[in-house]
Structures are given as structure tokens and as C-alpha cells.
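Trainee: Residue numbers (the working numbering), protein chains in the order written: chain A, 386 to 850; chain B, 386 to 850. Where a beta carbon is used, it is the ideal one built from N, C-alpha and C, also for glycine. This is the structure I want to talk about, given as C-alpha cells.
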């Protein structure tokens with residue numbers, strides 16, 4: 386069932402371009418939904434993207450949307466858009482089980498702020514997609530749509546795979562370290578990890594770096610989902626929220642990009658390095674100036690701070706999660722993975738001063754990032770350290786694989802910097818997708834979206850076999 | 386049962402000064418606890434401070450503490466300290482009902498981060514104290530220990546009253562607008578509202594201004610509770626947490642204080658104004674210089690920003706609470722007060738831009754506060770607009786009283802500024818306590834504690850009949 390991935394020919398499922406046909410009556414959101422359900426029926430046995438589907442509820446919502454288009458009164462630019470929700474977020478009509486057996490059958494019947502906003506905008510909430518356990522690294526059953534022996538990435542595994550397999554045009558993921566951008570990059574999606582606090586997390590406040598963000602088949606759908614949510618539910622508590630226009634910003638060519646290596650550079654496989662260097666050449670050929678660390682002390686300084694991002698974020702997030710996880714383990718420890726327990730043990734060995742030191746490191750990195758703000762239009766780097774790794778499952782009696790959903794090493798910098806980034810499906814390595822990401826200063830989400838749109842439209846992708 | 390309040394003669398229950406007798410074996414934490422339980426038996430029928438008591442668990446904890454002192458190995462400076470927990474915070478051994486019928490019988494069996502830290506430090510968690518519904522303004526049954534026809538304040542009603550009636554030396558409260566400082570001031574306690582993020586809220590992230598803080602009978606106990614928690618569970622997610630020494634900072638005399646009027650000045654009753662002016666005279670008589678708005682444009686500027694604090698915080702907090710409250714009302718609306726529903730309706734009429742504007746106003750006020758940082762050692766103002774108001778209860782068929790637990794008008798400034806403040810029981814008006822508070826720059830919690838200690842020790846209280 387799986388396909389060899391070629392970014393030049395792969396056709397992602399899109400929505401925004403179907404709206405004219407809904408308005409003129411030549412097509413309907415209901416028939417669009419049926420197409421999604423057919424694809425799900427076909428691909429889901431292998432991909433395993435969903436925890437639960439609400440087909441009846443989705444058909445009802447799509448019919449209501451169809452009627453609104455007939456009446457010439459769609460609720461928003463995403464009225465009728467089928468969307469899937471990562472199973473960390475609560476939904477009033479489906480259980481919320483967070484990839485953890487301790488939450489089996491958990492059904493709080495609440496709508497998360499983002500889900501609520503999506504329904505208000507007329508979107509069709511179709512199902513809950515698989516998350517790695519509690520948003521951590523213990524994988525769920527989902528496979529990579531382009532090779533079922535590989536991970537789709539995590540923790541937004543199901544959201545990434547559902548979009549990549551054309552089951553839905555869009556899905557909501559969440560990121561703390563690298564959980565939107567990495568799976569999107571492993572699966573050939575576009576995705577936005579917004580400025581920290583850009584999209585209201587509602588009751589699920591989680592950690593100081595967690596964000597909600599859309600996976601999509603195209604930049605236009607990605608932006609519309611993000612901004613229609615932000616219009617209705619705003620940003621996180623205490624944050625200004627996502628800024629930007631109510632329709633996807635026009636493609637814009639960046640003049641100058643900073644090439645960031647990050648800690649990931651040292652562990653990149655040769656083919657992926659060749660692919661990325663090829664992509665950089667294509668950007669230069671299009672007249673874009675690239676700045677590198679060797680020529681600019683401030684870029685070198687930023688590289689020095691973000692090379693510590695995996696360690697810094699690896700201290701911050703487990704510490705912030707430890708109450709929730711300790712309480713869960715105390716109550717239902719037999720249903721929590723050994724992988725999660727090992728992370729908890731690490732966090733519980735920390736002191737408040739260890740955490741405080743990590744927060745100061747994070748703030749220093751943010752200042753180093755702000756300092757390069759007017760050197761260039763944006764920064765570019767890989768979204769993942771090569772193609773999605775093989776994941777044969779844990780082997781009884783063997784040590785646990787440390788990163789079964791792949792390594793977030795290229796993602797922890799933007800998470801730590803609170804910086805917006807967009808991943809673009811511009812490379813294929815060994816027949817698998819590898820993404821590149823563009824990253825801006827805080828609140829430049831719309832600007833990064835405009836650059837991503839231009840780069841995807843104008844720059845030749847790179848294939849390395 | 387109630388007493389006419391005289392700050393010169395009222396003897397609050399204290400703990401720190403009993404520790405030597407635990408160490409030399411002349412007294413024990415168990416017998417200290419029994420004294421608390423006797424007072425509770427005597428006062429609770431009128432004061433109604435508790436939702437639930439865990440006498441057996443407390444006795445067991447006190448016995449364990451007694452043994453540790455016998456062994457010469459107390460766990461901390463608060464080993465054996467009886468403490469009560471506002472019923473918004475989860476406790477593994479008591480239900481968590483949040484003053485809301487919708488949560489009747491709710492028993493998640495988790496320990497909040499602060500509660501966990503208290504137990505690790507050897508404190509004796511004695512009971513859950515009444516909170517106004519969901520930490521809002523709909524009152525619980527607690528009465529003011531100095532006059533049962535009056536409110537104890539809210540939302541930390543039970544915590545304030547339990548300390549004021551000598552049932553326990555300390556209790557944990559929480560503040561978003563004014564819910565630690567106001568009830569403490571109405572009840573003659575000392576209390577610390579820490580720098581925002583000072584004490585880890587654990588899973589209960591709540592809103593962008595919510596804080597945990599201790600009520601106590603003396604500054605020493607107040608500080609020890611705060612710092613022993615902070616030592617173990619640190620600050621909030623993303624925050625640096627409470628700074629300071631591991632024993633209560635020595636009394637320190639401030640040289641210069643800024644007198645802040647706040648929006649509360651205009652609504653202050655004559656007697657309370659006379660009392661506060663009398664207190665200011667006593668400070669000047671002790672050689673402390675007072676700065677006022679008329680002489681300093683930067684103080685005037687700060688006054689202009691904080692005069693809007695009630696409106697700004699009144700937009701921010703209900704907006705941040707609206708998902709939790711909407712979900713609750715959808716599920717169990719018949720068990721939620723009309724007062725809470727009215728607040729929800731107001732929040733749901735706001736747009737993300739309304740919220741964003743309030744956040745910008747808050748940031749502007751914080752900059753105005755930072756700008757006065759080196760004008761003086763601290764700022765001083767009242768902690769409440771006069772003595773606790775009468776609260777006869779809602780009257781069927783009549784409009785709901787807007788602020789049955791009193792007005793937070795003197796508290797929203799420090800909440801909005803994320804600034805630490807300590808309330809000091811220095812005035813009696815009409816036989817009821819009225820507090821004054823000292824407020825510093827962010828992270829000056831220990832410094833404000835040192836000033837509060839000096840002022841309480843050295844400055845004559847003021848009585849106005």
C-alpha cells in the first residue's frame with residue numbers, strides 16, 4: 386500500500402481549492418468527507434492513524450456545512466473542512482485517552498478551546514488521532530504512510546500520518562520538543578509550530594513550551610486552520626496569541642536566510658546532508674543570500690546556545706510534567722510505560738535549582754535569537770535528522786530504544802526559542818520524506834507562512850536515493 | 386464566641402517558636418496538633434472554615450513528626466507544622482470539591498505540588514478549607530472569626546478564618562485577583578502573595594495571575610512554609626520560582642516607602658482612611674520617608690496604570706477561565722451558581738482582541754512599576770477597603786450582591802504587576818481587622834518579608850472605633 390515518496394509528484398489532499406465548487410454547488414462538503422472516509426477505509430488498516438472515528442457526527446456536521454454553502458452563508462474559510470484531533474485534546478463527542486492505558490475509556494465530554502473554535506468555524510471534527518503516550522516518546526501503533534516499517538514520528542503520530550495518507554486535509558498536532566514539526570517532516574506534510582502561546586490550549590495548559598499547531602497538505606489550509614482557531618479562542622493564558630491576516634498570506638520571497646546547523650548537524654546521515662546542501666544551492670540559485678555561522682559571530686553565538694537545546698529542553702519538560710506523571714503512576718502505575726517512568730525518575734532526581742538553571746539557559750538562548758533578528762529574513766534548517774527511522778517495536782528483555790519516534794534534535798531549538806516555524810516537504814532521501822523548516826522571530830508566524838509558500842512554489846525539491 | 390479585634394493584644398497561633406520545645410522533648414508536635422483540634426472543635430460550629438478534616442491522618446503524621454524530633458532528625462523547619470489546604474488544591478487523602486456542587490464527592494486522590502512538598506517537609510496536612518466557588522466570588526459558609534455576621538473574605542475564606550481563629554498556625558490560600566491578601570487582611574493574618582510563579586501550582590495551572598501563598602499568625606511561619614515548599618517543588622512552569630533564604634529573613638527597616646492609593650482610595654470609608662493615615666504617621670515617626678504621587682511623576686504614572694487594575698484583571702481572568710467554566714456549565718450547569726454564570730457570560734462576550742488589549746495594558750503597568758524600582762525600598766497601601774463587609778446571604782428574588790466576599794480593589798494591582806506583597810495586621814476599625822500591605826518588585830519576596838517583620842515588630846498599630 387505504501388508509496389515511494391517523491392515531492393515533485395506527491396499530491397497531498399487539499400481543501401481551500403475546493404471551496405469555490407462548494408459555493409457554486411458543483412461539489413459539497415459531504416461528498417468531500419465521503420472521499421476522506423473512503424481513503425480511511427482503504428489506508429487505516431495499515432497506517433493505524435486513528436484511535437476513534439466519529440463518522441456519524443462528521444456526516445452530520447458535513448451536511449450542515451453543505452446546507453450553509455447552499456445558503457451562501459459559510460461560517461468561515463474552513464467551513465466543511467475535515468480535521469482530526471490529536472488524542473491529547475479533549476473532544477465532547479469522543480473519548481480522550483492520550484495514548485496511555487491508564488486513560489482507557491476516559492470520556493470527559495469537554496471540548497478543548499481549539500476544538501471548540503474549529504466547530505464554531507464549521508470544521509468537521511472527524512476523529513481522534515494517535516499520540517505517543519501522554520505526548521512523550523513511547524510510541525503508539527501508527528506506521529509511516531510511505532513505509533509501514535518506519536515510525537511516522539511522534540508524538541503527533543496519527544495527525545501526521547492521517548494527512549500524509551490523504552485521509553484528511555488537516556489535523557491538529559501538539560509540540561513540546563519536536564512533536565509537530567518532526568512527524569510532519571517524516572510524513573511529507575506542511576505544518577506550523579506557532580509562536581509560543583499562539584493558539585489557546587484551553588484547559589490543557591501542559592508545559593511551558595507546549596503548542597498546538599496544524600498539519601496540512603498545503604500552506605493555505607495550514608494557515609486557515611490556525612487563524613480561524615486563533616480568531617475564536619485567542620492565544621494562551623497571558624500570551625498575545627497568533628497574529629496575522631484572515632486569509633493565507635501571499636507567497637513572499639525571502640532575500641536572506643540564516644543557515645542553522647543546530648546540534649542535529651553532527652548526527653545527520655550523509656544522504657540527508659547532501660539533500661539539504663542541494664536545497665540550499667537551489668535557494669541560492671533563486672537569488673536568496675545565505676548567511677552561515679563562520680561569517681557572523683552572532684550566528685555562531687546562537688548556534689552555541691541552541692546546540693544545548695536538547696539538554697535544556699530535556700530538563701525543562703520532564704520537570705514540568707512530573708506532578709501529573711507522579712500522580713498517574715501512583716494511581717495507575719501498571720498502565721504507564723517503562724519509558725515514561727524512566728523520564729519521571731530523571732525529573733524527580735532534579736532540584737528546583739536545576740530547573741531554574743535550565744530556564745535561565747532558555748532565556749539566554751532567546752536573547753541570542755532576538756539578537757540575529759535583523760541579520761536576515763528568517764533561518765532555515767532541517768526539520769528532522771534524515772528520514773523516519775525503522776521501528777520494529779520494543780524487544781522483551783532488551784534495553785528500551787531511546788527515541789522510537791525519531792529524534793527531536795532539529796526541533797528543540799525553535800521550541801526553546803518560542804519561535805514560529807513551518808516545515809516544508811522539499812526533500813526525499815531513500816524514498817522517504819525529509820522536511821526543511823523556516824524559523825522566524827516570535828510573532829512572525831504569518832511572515833514564515835508567506836516565505837514557506839514561496840519556497841514550496843518556487844524552489845525545486847531535492848531527491849537523494 | 387467572636388472577639389473584638391485589637392492588634393495589640395490579639396495572640397495569633399504560632400509554630401516556629403515551639404520547635405525548641407520539640408527538640409528538647411518538653412513538648413511534641415502531637416500535643417500541638419491536639420491543641421489545634423481542640424480549638425477546631427470549639428470554634429468550627431460558628432466559623433465553618435473546613436470542608437473536611439482528616440484527624441486520623443493528621444494524628445499519624447504528627448506522631449511520625451514527634452518521633453523524628455525525638456530522634457533529633459526533623460525533616461525541615463516546618464516538621465510537625467499543622468497546615469490546612471484551600472479546597473482548590475488536590476490532596477491524596479481528602480476530596481477536592483472547590484466550593485462547587487458540581488464537584489461534590491470529587492476525590493482525585495492526587496497531591497498538588499505544594500501539598501506534596503509540605504508532606505515531604507514533615508508538615509501535618511490537617512484539612513481542606515472552604516473556598517468561594519471555583520475560586521470566584523460566590524461565597525461558601527465560612528464566617529469572619531471576629532464577627533460571624535461578616536465575610537472572612539474570599540476566595541481563600543476558610544484558610545483565612547482557620548488561622549484567625551487559632552485553629553491552625555498556617556494555611557495555604559490562592560490568589561488571582563485578591564484572594565490571599567484580602568481575606569488575610571479581613572481576618573488579621575499575615576500572608577504572602579508571592580511573585581507570580583513563585584510557588585509551583587503543579588497540575589492546577591489555572592490562570593496567568595494565580596498564585597499559591599501561605600496565611601500565618603506570624604511572619605516567621607509564613608516565610609518557612611513558602612520557602613520549604615519552594616525548596617521542594619520549585620516555581621511554576623517556565624518561572625524562576627521563589628528566591629530567598631531557608632530561614633525567615635531578619636527584620637529590616639525600610640528607609641523609604643512609596644504610598645500607593647490605587648483605585649481603592651476613592652471608595653475607602655472615612656474611618657479606614659484615618660486608620661491608614663495614622664499608620665503612615667507612625668512610620669514617619671519611626672524615621673521612614675514616605676513618597677507620594679503628588680511629588681513624583683513616576684508614582685503618578687504608576688497610579689494611573691493601576692487605577693485600571695480592577696477592569697484589566699476583570700477582563701483577563703474570566704477570559705482565561707472560560708473554557709473550564711463553559712465545559713463545567715455544559716456538563717453540570719444546575720450545580721453552578723448564577724454568579725459564576727454571569728461572569729462566564731461576560732467572558733464569552735469578549736473577543737481575542739479584547740483579551741490581547743488587556744494583556745498589553747498589564748504589560749504597560751508592569752513597566753510603570755519597574756520604573757519606580759529604585760525610587761524607594763517598597764510600596765505600601767491598604768490590603769482591603771476597610772473592615773470585612775456584612776454578608777447576610779443572597780436574597781431570593783433580589784439581584785445578586787456583586788462582591789459578597791469583599792472587594793479586591795486594593796489587591797488587583799499587585800496581582801496584575803506579578804509583584805510580591807505581604808499583608809500585615811496593623812489596624813483595627815470598628816473592632817475588625819484591617820490590613821496594610823507592603824509590595825516590592827518581582828522576586829523581592831524575601832525583602833518584603835524582612836520589611837514586614839520589622840514593621841510588625843516596631844510600628845504601633847492603629848485603632849479607630
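Any C-beta of chain B within less than 7 angstroms: which residues of the region 723-748 of chain A qualify?
Mentor: Within the region 723-748 of chain A, the residues whose Cβ lies closer than 7 angstroms to some Cβ of chain B are 737, 740, 741, 744, listed in chain order.
Trainee: Hey, residue 894(B) and residue 511(B): beta-carbon distance below 8 angstroms or not?
Mentor: Residue 894(B) is absent from the structure shown; chain B starts at 386 and stops at 850.
Trainee: With distance defined between alpha-carbon atoms, name the residue in 570(A), 595(A), 607(A), 584(A) nearest to residue 556(A).
Mentor: One-based indexing of the first chain puts residue 556(A) at position 171. Among 570(A), 595(A), 607(A), 584(A), the Cα nearest to that of residue 556(A) belongs to 607(A).
Trainee: Which residues in chain B have a C-beta closer than 7 angstroms to the C-beta of residue 622(A)? List them in chain order.
Mentor: Here residue 622(A) is taken as the residue at index 237 of the first chain, counted from 1. Chain B residues near residue 622(A): 592, 593, 705.
Trainee: Just the chain B side, please: which residues come within less than 7 angstroms of residue 793(A) by C-beta, in chain order?
Mentor: To locate residue 793(A), count along the first chain from 1; it is residue 408. None at all; the shortest Cβ gap to chain B is about 19 angstroms.
Trainee: Please say whether residue 641(A) and residue 761(A) have beta carbons closer to each other than 8 angstroms?
Mentor: Locating residue 761(A) in the first chain gives position 376, where the first residue counts as 1. Locating residue 641(A) in the first chain gives position 256, where the first residue counts as 1. For residue 761(A) and residue 641(A), yes; Cβs fall inside 8 angstroms.
Trainee: Note down the Cα distance separating residue 403(A) from residue 472(B), rounded to an integer number of angstroms.
Mentor: Start at 1 with the first residue of the first chain, and residue 403(A) comes out as number 18. Start at 1 with the first residue of the second chain, and residue 472(B) comes out as number 87. Those two C-alpha atoms are separated by around 52 angstroms.
Trainee: Touching or not, the region 685-694 of chain B and the region 475-483 of chain B, by the rule of three or more beta carbon pairs under 8 angstroms?
Mentor: No, because fewer than three Cβ pairs between the region 685-694 of chain B and the region 475-483 of chain B fall closer than 8 angstroms, the two stretches do not touch.
Trainee: With C-beta atoms as the reference, is residue 538(A) less than 8 angstroms away from residue 572(A)?
Mentor: The residue given as residue 538(A) occupies position 153 in the first chain. The residue given as residue 572(A) occupies position 187 in the first chain. Cβ distance < 8 angstroms, so residue 538(A) and residue 572(A) count as in contact.
Trainee: If you measure beta-carbon to beta-carbon, which residues of the region 486-513 of chain A are closer than 9 angstroms to chain B?
Mentor: Under the 9 angstroms Cβ criterion, the region 486-513 of chain A contributes 493, 494, 495, 496, 497, 498, 501.
Trainee: Going by beta carbon distance, what residues of the same chain come within less than 6 angstroms of residue 831(A), once the five residues before and after it are set aside?
Mentor: Within the first chain, numbered from 1, the residue matching residue 831(A) stands at position 446. Within the same chain, residue 831(A) has close Cβ partners 629, 634.
Trainee: Give the single residue among 445(B), 416(B), 565(B), 585(B) whose Cα lies nearest to the Cα of residue 496(B).
Mentor: Sequence index remark: in the second chain, residue 496(B) carries index 111 (1-based). If we check each option's Cα against that of residue 496(B), 585(B) comes out closest.
Trainee: Just tell me which of 756(B), 820(B), 723(B) has its CA closest to the CA of residue 782(B).
Mentor: Taking the first residue of the second chain as position 1, residue 782(B) is located at position 397. Per the Cα distances, 723(B).
Trainee: Residues bridged to residue 597(A) by DSSP?
Mentor: By one-based count along the first chain, residue 597(A) stands at place 212. Its beta-bridge partners are 559(A).
Trainee: How far does the beta strand (DSSP E) with residue 820(B) in it extend, from its first residue to its last?
Mentor: Along the second chain, read from residue 1 onward, the residue named residue 820(B) stands at position 435. Looking at the DSSP string, the run of the beta strand (DSSP E) that includes residue 820(B) is 817-824.
Trainee: Give the DSSP-derived three-state secondary structure of residue 532(B) in the structure shown.
Mentor: In the second chain, counting from the first residue as 1, residue 532(B) sits at position 147. Here residue 532(B) sits in strand by DSSP.
Trainee: Along the chain, where does the beta strand (DSSP E) that runs through residue 857(A) open and close?
Mentor: Any question about residue 857(A) goes unanswered here, given that chain A covers just 386 to 850.
Trainee: If you count every other CB in all the chains shown that lies within 10 Å of the CB of residue 745(B), and 16 or more means buried, which is it?
Mentor: As a working mapping, residue 745(B) is identified with position 360 in the second chain. Exposed is the call here.
Trainee: Using the C-alpha atoms, what's the distance from residue 513(B) back to residue 695(A)?
Mentor: Taking the first chain and counting its residues from 1, one reaches residue 695(A) at position 310. Taking the second chain and counting its residues from 1, one reaches residue 513(B) at position 128. Cα-Cα distance, rounded: 41 angstroms.
Trainee: For the region 542-557 of chain B against the region 440-455 of chain B, do three or more pairs of beta-carbon atoms, one drawn from each stretch, fall closer than 8 angstroms, so that the two count as touching?
Mentor: No: the two stretches stay apart, fewer than three of their Cβ pairs being nearer than 8 angstroms.
Trainee: Please decide whether residue 611(B) counts as near chain D, where near means a Cβ-Cβ distance under 8 angstroms.
Mentor: In the structure shown, chain D cannot be found, because the protein chains are A and B.
Trainee: Taking 8 angstroms as the threshold (beta carbon to beta carbon), is residue 712(B) in contact with chain A?
Mentor: Taking the first residue of the second chain as 1, we reach residue 712(B) at position 327. Chain A contact via Cβ: present.
Trainee: From 683(B), 739(B), 463(B), pick the residue whose C-alpha is nearest to that of residue 612(B); which is it?
Mentor: Within the second chain, numbered from 1, the residue matching residue 612(B) stands at position 227. Measuring from the Cα of residue 612(B), the nearest candidate turns out to be 463(B).
Trainee: CA-CA distance, residue 554(B) and residue 672(B)?
Mentor: Residue numbering aside, residue 554(B) sits at position 169 when the second chain is read from its first letter. Residue numbering aside, residue 672(B) sits at position 287 when the second chain is read from its first letter. The alpha-carbon atoms of residue 554(B) and residue 672(B) are separated by roughly 32 angstroms.
Trainee: Mark residue 759(B) as exposed unless 16 or more other C-beta atoms lie within 10 angstroms of its C-beta, in which case mark it buried.
Mentor: Locating residue 759(B) in the second chain gives position 374, where the first residue counts as 1. By the 10 Å Cβ count, residue 759(B) comes out exposed.
Trainee: Using a Cβ-Cβ cut-off of 8 angstroms, state whether residue 608(B) counts as contacting chain A.
Mentor: On the second chain, position 223 is the one that residue 608(B) refers to. No, no contact with chain A.
Trainee: So the beta strand (DSSP E) residue 411(B) belongs to, where does it begin and stop?
Mentor: Translated into the one-based positions of the second chain, residue 411(B) becomes position 26. Careful: residue 411(B) lies outside any beta strand (DSSP E) and carries neither H nor E.
Trainee: Can you check which of these residues, 468(B), 448(B), 413(B), 415(B), is closest to residue 438(B) by C-alpha distance?
Mentor: Locating residue 438(B) in the second chain gives position 53, counting from the first residue. The candidate whose alpha carbon is nearest that of residue 438(B) is 468(B).
Trainee: Using only CA atoms, which one of 755(B), 791(B), 788(B) lies nearest to residue 799(B)?
Mentor: Working through the second chain from its first residue, we reach residue 799(B) at position 414. It is 755(B).
Trainee: Please list the partners that residue 625(B) has in chain A, where partner means a Cβ-to-Cβ separation under 8 angstroms.
Mentor: To locate residue 625(B), count along the second chain from 1; it is residue 240. 741, 744, 745, listed in chain order.
Trainee: What in chain A is Cβ-close to residue 601(B), meaning under 8 angstroms?
Mentor: Along the second chain, one-based indexing puts residue 601(B) at 216. Result: empty, since nearest Cβ-Cβ is about 22 angstroms, beyond 8 angstroms.
Trainee: I'd like the span of the beta strand (DSSP E) that includes residue 659(A), first residue to last.
Mentor: Against the first chain, residue 659(A) aligns to sequence position 274. Segment 655-670 is the alpha helix (DSSP H) holding residue 659(A); no beta strand (DSSP E) there.
Trainee: Measuring alpha carbon to alpha carbon, tell me which residue in 598(A), 575(A), 599(A), 520(A) is nearest residue 592(A).
Mentor: If you number the first chain from 1, residue 592(A) lands on position 207. Comparing Cα positions, the closest option is 520(A).
Trainee: Pairing CB atoms from the region 814-826 of chain A with CB atoms from the region 652-670 of chain A, are three or more of them under 8 angstroms?
Mentor: With the cut-off at 8 angstroms, the region 814-826 of chain A and the region 652-670 of chain A touch.
Trainee: Kindly say whether residue 588(B), judged by its beta-carbon, lies nearer than 8 angstroms to any beta-carbon of chain A.
Mentor: Taking the second chain and counting its residues from 1, the one referred to as residue 588(B) is at position 203. By this cut-off, residue 588(B) is an interface position.
Trainee: In this structure, what does DSSP give as the bridge partners for residue 512(A)?
Mentor: Here residue 512(A) refers to the residue found at position 127 when the first chain is read from its first residue. 438(A), 469(A), per the DSSP bridge assignment.
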